[in-house]
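K.L.:
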Amino acid sequence: MKLNKKYLFNIVLILALTFVAMYFALKDDYKLAMQALERMNTFNMILVLSWGLLFTMVWGISYQILGAKYKKNYSLLEGINVAFIGNFFAGITPSSTGGQIGQIYVLKKQGISYSDGASLLWADFIIYQTTMMIYVTILFALRFTHYVNLSAWFWIVFAGYLMNVVVIVILYTIAIFPVFYLRLIDKLLNVVSRFKFFKKREAALVKTKDTITRFTKEIKHLSQDRVLIVKCMLVNIVRLSLHFSLPYFVARGIGIDVHLNQFVDVMALSSFVTMANSFIPLPGASGGTEVVFSLLFRGMFGALTGAVLLLWRISSYYIPMIAGALIFIVFKNRHDHQPDSEDHQDSDQEDPVELLVEDQAVIKEEIPIVSSIKKAEQPA
Numbered sequence: 001m002k003l004n005k006k007y008l009f010n011i012v013l014i015l016a017l018t019f020v021a022m023y024f025a026l027k028d029d030y031k032l033a034m035q036a037l038e039r040m041n042t043f044n045m046i047l048v049l050s051w052g053l054l055f056t057m058v059w060g061i062s063y064q065i066l067g068a069k070y071k072k073n074y075s076l077l078e079g080i081n082v083a084f085i086g087n088f089f090a091g092i093t094p095s096s097t098g099g100q101i102g103q104i105y106v107l108k109k110q111g112i113s114y115s116d117g118a119s120l121l122w123a124d125f126i127i128y129q130t131t132m133m134i135y136v137t138i139l140f141a142l143r144f145t146h147y148v149n150l151s152a153w154f155w156i157v158f159a160g161y162l163m164n165v166v167v168i169v170i171l172y173t174i175a176i177f178p179v180f181y182l183r184l185i186d187k188l189l190n191v192v193s194r195f196k197f198f199k200k201r202e203a204a205l206v207k208t209k210d211t212i213t214r215f216t217k218e219i220k221h222l223s224q225d226r227v228l229i230v231k232c233m234l235v236n237i238v239r240l241s242l243h244f245s246l247p248y249f250v251a252r253g254i255g256i257d258v259h260l261n262q263f264v265d266v267m268a269l270s271s272f273v274t275m276a277n278s279f280i281p282l283p284g285a286s287g288g289t290e291v292v293f294s295l296l297f298r299g300m301f302g303a304l305t306g307a308v309l310l311l312w313r314i315s316s317y318y319i320p321m322i323a324g325a326l327i328f329i330v331f332k333n334r335h336d337h338q339p340d341s342e343d344h345q346d347s348d349q350e351d352p353v354e355l356l357v358e359d360q361a362v363i364k365e366e367i368p369i370v371s372s373i374k375k376a377e378q379p380a
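Position one of the sequence shown corresponds to residue 1 (the UniProt record's numbering), numbered consecutively onward.
#1: If you measure between the beta carbons of His-243 and Thr-274, is that distance less than 9 Å?
#2: DSSP on Met-40, reduced to helix/strand/coil?
#3: If you drop the 5 nearest sequence neighbours on each side, which residues of the same chain put their C-beta closer than 7 Å to that of Leu-107?
#4: So is Trp-155 buried or exposed if we call it buried at 16+ other beta carbons inside 10 Å?
#5: Between the C-alpha atoms of Asn-164 and Thr-56, what's the straight-line distance to the nearest angstrom?
#6: Using the C-alpha atoms, what's the distance from Ala-276 back to Ala-251?
#7: Is it the case that the Cβ atoms of Ile-65 and Lys-231 are separated by a distance below 9 Å?
#8: Between which two residues does the alpha helix (DSSP H) holding Val-258 run?
#9: Using only the alpha-carbon positions, how far apart do Ala-16 and Lys-217 sit?
#10: Of the residues Tyr-161, Thr-211 and Ile-168, which one's Cα is nearest the Cα of Val-179?
#11: Please report the distance separating the alpha-carbon of Phe-328 from that of Arg-334.
#12: CB Val-266 to CB Met-321, shorter than 9 Å?
#13: Using a 10 Å radius around the Cβ and a threshold of 16 neighbouring Cβ atoms, would you call Tyr-172 buried or exposed?
#14: By the DSSP assignment, the alpha helix (DSSP H) with Ala-268 in it spans what residues?
#15: Could you give the distance in angstroms between the alpha-carbon of Ile-127 and the alpha-carbon of Ala-36?
#16: What do you get for Ala-307, buried or exposed, if any count of 16 or more other CB atoms within 10 angstroms of its CB means buried?
#17: With C-beta atoms as the reference, is Gly-86 less than 9 Å away from Gly-102?
#18: Quick check on the DSSP output: the alpha helix (DSSP H) that includes Asn-73 runs from which residue to which?
#19: With a Cβ-Cβ cutoff of 9 Å, do Thr-130 and Ile-237 count as a contact?
#20: Is it buried or exposed, Ser-316, if we count other Cβ atoms within 10 angstroms and call 16 or more buried?
#21: Just verifying my parser: in three-state terms, what is the DSSP assignment at Ser-223?
#22: What do you get for Thr-305, buried or exposed, if any count of 16 or more other CB atoms within 10 angstroms of its CB means buried?
#23: Which residues mark the beginning and the end of the alpha helix (DSSP H) in which Phe-177 is found?
#24: Is any beta-carbon of chain B found at less than 9 Å from that of Met-233?
#25: With a threshold of 16 other CB atoms inside 10 Å of the CB of Val-136, please say whether the residue is buried or exposed.
#26: Quick one: what's got a C-beta closer than 7 Å to Ala-123's C-beta in the same chain, skipping five residues either side?
#27: In chain order, what residues of the same chain have a beta carbon less than 8 Å from the beta carbon of Lys-220, not counting five sequence neighbours either side?
#28: Following the continuous alpha helix (DSSP H) through Arg-194, name the residue where it begins and the one where it ends.
#29: For Ser-113, which three-state DSSP category applies?
#30: What whole-angstrom Cβ distance do Leu-76 and Ile-92 have, given they're in contact under 8 Å?
#31: Below 8 Å on the Cβ atoms is my contact criterion, and I expect Leu-296 with Phe-272 to pass it. Report the Cβ-Cβ distance as a whole number of Å.
#32: Secondary structure at Ile-85, three-state DSSP: helix, strand or coil?
#33: For Arg-183, which of Val-206, Leu-162, Val-167 and Ile-168 has the nearest alpha-carbon?
#34: For Thr-208, which three-state DSSP category applies?
#35: Give the DSSP-derived three-state secondary structure of Thr-93 in the structure shown.
#36: Rounded to the nearest angstrom, how far is the Cβ of Trp-59 from that of Arg-239, given a contact under 8 Å?
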């Protein structure tokens, strides 16, 4: 029950921060925003609200492609389940840290071992992060000089971009120079172990070595399958395009006069919101996401920025997260009596979140690499 309270607190925090942020975004133009939403036809409303489900399902295609390496006839539906459930747990945990634990749990139930599941998640992370940074770099190059002069807040966006670049650089240099990083970490642990609060130097070193070894192995293994890399990169390009273009279609749907030549501007600003979220460690980046969106899009959408923000946030975050929660409950109930659930014979009476957290300790102990995967890919 204690663990349930933790997740419940995160959900309440998400709702509270979102409410406060939405209040300030809408308080001056509330009537205009509501009138715009009322004028929106049913088809446009359904299209916009289902948009987040669409790019989450596209994410599932990546998992289907990668999952086929480890399990014969791994289906698209299985990949979509991994995407939605990962999205749910990432959405209710700070800095999306719960997403990968949820995903590796699901992969295990689908017949993919913890170690193979960890390798799959590393491959997904590496390909996605690389694709995203190439994509965002192009958008930065196209629109950086224009937007850098519009708001002092833009430098927060740029700092988030640089932080993501640093992550990519570190990952690839670890793969190229693993021995250097192991020596560096050993020296750092020697320094830190002098303090009384740090008594597990050897355990930390073993886990770090294991993480680097597995990561290096996965990079080398992945580099040999160029067809798989290209397929996953193409899927991620589609996914990112859907994600970044959503505000454009929301704006069109509520009657804002945005032209086709502003499409790239909208995608650029949307990608900048994603970059800024790197500094928001709260569950779902709640509160900060709404503020950054309002600041960046105010110049384009004017008084109706709040209306666009409301639909965009519901579509890209809340609906996929709720769908992920429902899918997880159904998934858990269907897999209760399968062989690999034998450690949880009484799971019929257990809460889905409690069941996951029980396995989380096992996953982190057996596969320390999973604890090191930090994704920026969950939709803002």
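Glycine residues also receive a C-beta, built at the ideal position from the N, C-alpha and C atoms.
P.N.:
Result, derived from the coordinates:
#1: For the purposes of this step, residue 243 is identified with residue 243 of the sequence shown, where counting begins at 1. For the purposes of this step, residue 274 is identified with residue 274 of the sequence shown, where counting begins at 1. Result yes, Cβ atoms of His-243 and Thr-274 sit closer than 9 Å.
#2: Counting from one through the sequence shown, the residue named residue 40 turns up at place 40. Met-40 falls in the coil class under three-state DSSP.
#3: Against the sequence shown, residue 107 aligns to sequence position 107. Cβ neighbours of Leu-107 within its own chain (closer than 7 Å, five residues either side excluded): Val-82, Gly-117 and Leu-120.
#4: Taking the sequence shown and counting its residues from 1, the one referred to as residue 155 is at position 155. In summary, Trp-155 is exposed, with fewer than 16 beta-carbon neighbours lying within 10 Å of its beta-carbon over all protein chains present.
#5: Working through the sequence shown from its first residue, we reach residue 164 at position 164. Working through the sequence shown from its first residue, we reach residue 56 at position 56. The straight-line gap from Cα to Cα measures roughly 21 Å.
#6: Taking the sequence shown and counting its residues from 1, the one referred to as residue 251 is at position 251. Taking the sequence shown and counting its residues from 1, the one referred to as residue 276 is at position 276. Approximately 22 Å between the Cα atoms of the pair.
#7: Mapped onto the sequence shown, residue 65 falls at position 65. Mapped onto the sequence shown, residue 231 falls at position 231. For Ile-65 and Lys-231, yes; Cβs fall inside 9 Å.
#8: Here residue 258 corresponds to residue number 258 of the sequence shown, with the count starting at 1. It is not in any alpha helix (DSSP H) - Val-258 carries neither H nor E in the DSSP assignment.
#9: Counting from one through the sequence shown, the residue named residue 16 turns up at place 16. Counting from one through the sequence shown, the residue named residue 217 turns up at place 217. Rounded to whole angstroms, Ala-16 and Lys-217 show a C-alpha spacing of 43 Å.
#10: On the sequence shown, position 179 is the one that residue 179 refers to. Val-179 has its Cα closest to that of Thr-211, out of Tyr-161, Thr-211 and Ile-168.
#11: On the sequence shown, position 328 is the one that residue 328 refers to. On the sequence shown, position 334 is the one that residue 334 refers to. Using only the alpha carbons, I get a separation of about 10 Å.
#12: Here residue 266 corresponds to residue number 266 of the sequence shown, with the count starting at 1. Here residue 321 corresponds to residue number 321 of the sequence shown, with the count starting at 1. 9 Å or more divides the Cβ of Val-266 from the Cβ of Met-321.
#13: Within the sequence shown, residue 172 is the residue found at index 172, counting from 1. Its Cβ having fewer than 16 others within 10 Å, Tyr-172 is exposed.
#14: Sequence index remark: in the sequence shown, residue 268 carries index 268 (1-based). Where Ala-268 is concerned, the enclosing alpha helix (DSSP H) stretches over 263-276.
#15: Translated into the one-based positions of the sequence shown, residue 127 becomes position 127. Translated into the one-based positions of the sequence shown, residue 36 becomes position 36. Approximately 39 Å, taken between the alpha carbons.
#16: Reading the sequence shown from its first residue, position 307 is the one you call residue 307. Under this definition Ala-307 is a buried residue.
#17: As a working mapping, residue 86 is identified with position 86 in the sequence shown. As a working mapping, residue 102 is identified with position 102 in the sequence shown. Contact flag set, yes.
#18: Walking along the sequence shown from the start, residue 73 turns up at place 73. Boundaries cannot be given for Asn-73, as no alpha helix (DSSP H) includes it and DSSP labels it neither H nor E.
#19: Position 130 of the sequence shown, counted from the start, is the residue given in the question as residue 130. Position 237 of the sequence shown, counted from the start, is the residue given in the question as residue 237. Not a contact, by the Cβ cut-off of 9 Å.
#20: Reading the sequence shown from its first residue, position 316 is the one you call residue 316. Its Cβ being crowded by 16 or more others within 10 Å, Ser-316 is buried.
#21: Stepping through the sequence shown from its first residue, residue 223 is reached at position 223. Here Ser-223 sits in helix by DSSP.
#22: Counted from its first residue, the sequence shown places residue 305 at position 305. With 16 or more other Cβ atoms within 10 Å, it is buried.
#23: Along the sequence shown, read from residue 1 onward, the residue named residue 177 stands at position 177. Here Phe-177 belongs to no alpha helix (DSSP H), and DSSP marks it neither H nor E.
#24: Considering every chain present, this structure includes no chain B. It has just one protein chain.
#25: Translated into the one-based positions of the sequence shown, residue 136 becomes position 136. Buried, since its Cβ has 16 or more Cβ neighbours within 10 Å.
#26: On the sequence shown, position 123 is the one that residue 123 refers to. Correct list, in chain order: Leu-66, Glu-218 and Leu-222.
#27: As a position in the sequence shown, residue 220 is number 220, starting the count at 1. Around Lys-220: Ala-175.
#28: Indexing the sequence shown from 1 puts residue 194 at position 194. It is not in any alpha helix (DSSP H) - Arg-194 carries neither H nor E in the DSSP assignment.
#29: By 1-based counting over the sequence shown, the position of residue 113 is 113. The answer is coil: DSSP assigns Ser-113 none of H, G, I, E or B.
#30: Within the sequence shown, the letter at position 76 stands for residue 76. Within the sequence shown, the letter at position 92 stands for residue 92. No, Leu-76 and Ile-92 are not in contact; Cβ-Cβ is about 25 Å, not under 8 Å.
#31: Working through the sequence shown from its first residue, we reach residue 296 at position 296. Working through the sequence shown from its first residue, we reach residue 272 at position 272. Between Phe-272 and Leu-296 the Cβ distance is about 6 Å, and since that is below 8 Å, they are a contact.
#32: Residue numbering aside, residue 85 sits at position 85 when the sequence shown is read from its first letter. The answer is helix: DSSP assigns Ile-85 an H, G or I state.
#33: By one-based count along the sequence shown, residue 183 stands at place 183. Comparing Cα-Cα distances from Arg-183 to each of Val-206, Leu-162, Val-167 and Ile-168, the minimum goes to Val-206.
#34: Looking up residue 208 in the sequence shown gives position 208. Looking at Thr-208 - three-state DSSP - the assignment turns out to be helix.
#35: Locating residue 93 in the sequence shown gives position 93, where the first residue counts as 1. Three-state result, Thr-93: coil.
#36: Translated into positions along the sequence shown, residue 59 becomes position 59. Translated into positions along the sequence shown, residue 239 becomes position 239. Between Arg-239 and Trp-59 the Cβ distance is about 6 Å, and since that is below 8 Å, they are a contact.
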